[in-house]
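Here's the structure we're looking at; comments come further down.
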Amino acid sequence: MRKLLPILLVIFISSCQQGSKTGGDKVTVTVSILPQKYIIERIAGDAVNVMVLVPDGSGPETYEPTARQMQELNISKICFITGLLDFEKSWIPKVSEIYPSLKVVNLSDGLNLIKGEEEHAESHEGHHHGGIDPHIWLSIKEIKIQSKAVLTSMQTLMPEQKDKFNANYNTLISYLDSVDNIINKKISGNAGNISYMIYHPSLTYFSRDYGIEQIPIELEGKEPSPAYMRELIDIAGKKQITTIFYSQQFDKKSAETIANQLHIGLTKFNPLEYDVPANLMDFTDKLVNSTNK
381 MRKLLPILLV
391 IFISSCQQGS
401 KTGGDKVTVT
411 VSILPQKYII
421 ERIAGDAVNV
431 MVLVPDGSGP
441 ETYEPTARQM
451 QELNISKICF
461 ITGLLDFEKS
471 WIPKVSEIYP
481 SLKVVNLSDG
491 LNLIKGEEEH
501 AESHEGHHHG
511 GIDPHIWLSI
521 KEIKIQSKAV
531 LTSMQTLMPE
541 QKDKFNANYN
551 TLISYLDSVD
561 NIINKKISGN
571 AGNISYMIYH
581 PSLTYFSRDY
591 GIEQIPIELE
601 GKEPSPAYMR
611 ELIDIAGKKQ
621 ITTIFYSQQF
631 DKKSAETIAN
641 QLHIGLTKFN
651 PLEYDVPANL
661 MDFTDKLVNS
671 TNK
């Protein structure tokens, strides 16, 4: 990234005279990840063109902005970030220096964030070591708060669209409430406490919302040690876990090892799907079905 920065600075400066809109009358906004695009488009509709920094299929943990993305950012009016991803922390301050007129909206402001604590093998809360869990888009409750921030920002940017945005926001909140109720009924209607095992602990906020236990295989962002692997196998057996969830953005070897040891299945979960409510409902169905096996 340091080697790329001087090149990017040249691109930034040379593109400063570009326009602020693209695609006709649409205003261009930028988001860090695909799930944020869902929120923006549900509120702003066809009034915006949304650029996504982290491409579909990639992971934010290893992402580095490309020179083309840096140049294209010049046409954006607002950049919505989670405020918690590593690349945002190192990249946004530099961008703000070069593009002082670019409004950056941190969607983690005002959320009930989960702060990481030092994990031990016997603790399975899925917190990030010493930091804050960044997966704020995988919670219906937290999405509602983020949606309000998006509404306020878009109404400020395009006051002539204020009523339209407000109507879209109300429709979105109503839908999110219905999804929350559906998920809650499915989980609360399941006999006993629900525990599940997942490689990368991306569903900590979701688990908190519905009072279920997330057991991460990845420990403090690292592959599990042999001792922890043995403990995970023991835990999975005791809790009668019948499937292990994994993400395409991460190596699934450890998940496969545990699954093979216990003769249980593997189920894919993509934390970066565009349609977040549908993604969480799909995960709920897979979770409940695996628990009832």
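Numbering (this note's numbering), first residue to last: 381 to 673. We put the CB at the ideal spot given by N, CA and C, even for glycine. Just so it is clear, the structure is predicted and the values come from calculations on it, not from any experiment.
The closest CA to that of GLU522, considering only VAL668, VAL434, ASP589, is found on ASP589.
For VAL485, no alpha helix (DSSP H) run applies; the uninterrupted beta strand (DSSP E) run containing it begins and ends at 483-486, by DSSP. The beta carbon of PHE630 lies closer than 6 Å to those of TYR579, HIS580 in the same chain, with the five residues before and after it left out. The three-state secondary structure of TYR555, taken from DSSP, is helix. Excluding the 5 residues flanking it on each side, GLY617 has same chain C-beta neighbours closer than 8 Å at LEU642, in chain order.
Under the criterion of beta carbons closer than 8 Å, ILE413 and VAL430 do not qualify as touching, at roughly 11 Å. With contact defined as three or more Cβ pairs closer than 8 Å, the region 453-466 and the region 475-492 are in contact. LEU487 places its beta carbon less than 8 Å from that of GLN526. Judged by beta-carbon spacing, LEU612 lies beyond the 8 Å limit of LYS632, meaning their Cβ atoms are not closer than that value. Contact check for GLU468 against ILE458 fails: the beta carbons are separated by 8 Å or more.
For LYS666, same chain residues with a beta-carbon under 6 Å away, outside a window of 5 residues either side, are THR647 in chain order.
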